[in-house]
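The opening position of the sequence shown corresponds to residue 1 in UniProt numbering, with each subsequent residue numbered one higher.
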Amino acid sequence: MTGGLAVPTRRIPVPLNQPLAIGRRRLRTASLLVAPALACGVLAAPTIAQAADEAPKPTRVILTPTETPETSQNITWQGATETASTAKVQIRPSAGGSARVVKGYEQQKAVNNAFPHFSATVTGLKPATDYSYRVASGSDWSDWHDFETADPDEKEFDYIYYGDAQIGLDTTWPSVVKQAQKTAPDAIGSVHAGDLIDKADNNTQWQNWFKGMETAGATTNVMAAPGNHEYSGDNKLLSWKAHFEYPLNQPADDTIGDLAELAVGDTPVAKQYRALFDHWSEFAAETVYFTDYQGVRFITINATANAGFLVPDDLPACAGADCPMASEEKGEALWLDYQARWLDHILSETPSKWNVVTFHQPVYSAAEGRDEEAIRKAWVPVFQKHDIDLVQMGHDHVYSRGFNNANKTSTPGITDGPVYVVSNSGAKHYDLETDEKNVWTHNGATQVKKGEDFSTYQVVSVSKNALHYKSYIAEKTPSATTDLAVGDVYDEFTVNKSDAGRKFVTEAGMTVPPLEDPAPVVSSPPSAGKHSTSVSVGATSFRKGRAGTVRVTASQDGVVGLVVRQGDVVRTRYVTVRAGVAKTVRTGTISKRQTRKVVVNATFTPSDGQTHAGATATRKVTARR
């Protein structure tokens, strides 16, 4: 976690959450039953003797991933007492073996919370191994918890995707988590699309969010993105960074491409860019990050452009339209572009077959009156360029799912590009936008599914060639736009993808088209007095940054000329072949910077050109990342 400003540690009164009216949008909260004990009066307090017998324990214990989840684990917790100053983790293999102790380190203070927070990164673990651990602050120990390190050889697992928790943190939220854990008891962890709480300076709300995640958070990895409400009363994200420890692989000069060149030089413009990029890289720590887990690259980005953090206190003076902070709009657009360049870099370098991204404000809004044009302009081109698999968002307090029209196929119910989803996991609900003002339709996208006035959780089942997505109804209001019952599947689709990168997204019940094309065989029309021949382009192996190979076969002895085109890069190879014998041809290194679409053209020239005609064949393939 990163450092931050000093904050007061005194407690403040916690206001009750009240429904708010926001413009024309109706904000609704689910009607909830009052617990019988509360309805009958004040709960009985523990006796002094009972309280004395119970030693305080660390709380808010949570696992978050490292860059190497096979061999290491981040653990964060809140101290048992306000005066605790030391911390440690005790960990041992669950199957038996000696325990070891790892020293923890203290984090910055959360806002309006006098208790210290600690973290530890445990390294030297074995892949696919169960471990038991407990944490301590001072001499006060937590209960024992268990977790399993990632298994690099296992490609089948579930994870859970939550939208905003925010409202109903002591009622709706624990119920939603309980249902999700029952549906996917072996999930490796969860992703959260922001607005975990409503007020970041309200310690009770943080307490309730963690209580809802008490078991799941201490035993499986939590991958969360900050939303705009994480800045409410805390525009430096002090509470966020006190509670979570994430990989420090955020944007930096070497991962933002030629954007970094703007910060080179001694001009006022360059100095202002330099100050912004240094400040943003530090601030993006633990809000913009990724981890690779069993064939999936989980990416988290920060969609909030908050003036409280965008501008560093010591920003150099700069006058004129060329200055990066010439206007608030220009500064916000630069912050989004800064992350877009990083996204482009890490998606170009990803070793994972599957890539999913989570953030808060949606690129295709679904709620009435909302439209995040700047985010859409900055990020959708990157998602489309790299054909990312799932884009998981929140913020709108409705449900919505769809695709960019560039990925529409000739078959209804089948697309071939990124899937964009907006979900809501709390008790706060907004109205859907009208069909006439639908942001999707007006921005080159199609909304497949939409609904309001209910809460959901999502389970994504990962396998070698598919991501199977299901959204479940977790709670309904009387005005819910669905007749489905709590526990029913509201939405379902599958992302199907071959190792070569060919992809189809199929609605529930649709047959998956072939993911591998048969090798094209093209026979030449016989010339007068000549026999026809054929040439085929068989198996290919194309992966960005590595040498490519193509297998070719011709019906006669001769020479095959191969032209491999990847964007602006064209490579030509010639190989001698024997009749009916497949030949593997090395085509050179596949560019990391060019498109993944590769076109292979084969031209066959027979040895006996007097009696046999030539032949050609073409195959289009997608290079792996």
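From the three backbone atoms N, C-alpha and C, an ideal C-beta is built for every residue, glycine too.
Classification of residue i by the beta-carbon crowding that lies within 10 angstroms, buried from 16 upward
i             : result
valine 581    : exposed
lysine 497    : buried
serine 479    : exposed
glutamine 610 : exposed
glycine 308   : exposed
valine 89     : buried
arginine 593  : exposed
valine 191    : buried
glycine 265   : exposed
tyrosine 430  : buried
alanine 87    : buried
serine 410    : exposed
proline 185   : exposed
serine 365    : buried
aspartate 234 : buried
proline 116   : buried
arginine 100  : exposed
arginine 297  : buried
arginine 596  : buried
Proximity of residue i and residue j at Cβ, strictly below 8 Å
i              : j                 : result
tyrosine 472   : tyrosine 457      : yes
leucine 310    : glutamate 332     : yes
isoleucine 414 : threonine 506     : yes
alanine 500    : threonine 622     : yes
aspartate 198  : glutamine 207     : no
threonine 121  : threonine 71      : no
glycine 189    : serine 425        : no
isoleucine 160 : lysine 428        : no
glycine 77     : valine 102        : Before going further, note that residue 77 is tryptophan rather than glycine in the sequence given. No, the Cβ-Cβ distance between tryptophan 77 and valine 102 is not below 8 Å.
valine 176     : glutamate 475     : yes
aspartate 416  : serine 352        : no
threonine 540  : threonine 549     : yes
glycine 227    : histidine 360     : yes
proline 280    : tyrosine 338      : Here the sequence assigns tryptophan to residue 280, which means proline is not the residue at that position. The answer is yes: Cβ separation under 8 Å.
tyrosine 105   : serine 119        : yes
threonine 572  : valine 599        : no
glutamate 230  : leucine 237       : yes
lysine 437     : tyrosine 399      : no
leucine 169    : glycine 212       : yes
proline 412    : phenylalanine 383 : no
alanine 242    : glutamine 107     : yes
Three-state secondary structure assigned by DSSP to residue i
i                 : result
asparagine 496    : strand
leucine 262       : helix
asparagine 208    : helix
valine 177        : helix
residue 640       : No statement about residue 640 is possible, as the shown extent of the chain runs from 1 to 625 and does not include it.
alanine 307       : helix
proline 381       : helix
threonine 172     : helix
leucine 196       : coil
threonine 595     : coil
serine 72         : coil
residue 682       : Because the chain spans 1 through 625 in this model, residue 682 falls outside it and cannot be assessed.
glutamine 166     : coil
lysine 271        : helix
arginine 401      : strand
threonine 149     : coil
alanine 317       : coil
threonine 587     : strand
serine 348        : helix
tyrosine 338      : helix
alanine 333       : helix
tryptophan 144    : coil
glutamate 372     : coil
glutamate 282     : helix
phenylalanine 359 : coil
As an exercise, report each continuous beta strand (DSSP E) stretch of at least 3 residues that is fully enclosed by the segment 212–259, in chain order. 221–224
Is it a yes or a no for the segment 438–458 touching the segment 535–542, going by three-plus beta-carbon pairs under 8 Å? no
Three or more C-beta pairs below 8 Å linking the segment 315–328 and the segment 223–232: no
Three CB pairs or more closer than 8 Å across the segment 140–149 and the segment 264–281: no
Would the segment 553–568 count as touching the segment 594–604 if we require 3 or more Cβ pairs under 8 Å? yes
Count the C-beta pairs between the segment 371–391 and the segment 335–348 that are closer than 8 Å, then say yes if the count reaches three, no if not. yes
Write down every uninterrupted run of the beta strand (DSSP E) in the segment 403–453 whose length is 3 residues or greater and which is fully enclosed by it, in chain order. 419–422, 445–451
Measuring CB atoms only, is the segment 148–158 touching the segment 316–325, in the sense that at least three cross pairs come out at less than 8 Å? no
Only counting runs of 3 or more residues, tell me where the beta strand (DSSP E) segments fall wholly within the segment 106–132, in order along the chain. 117–122
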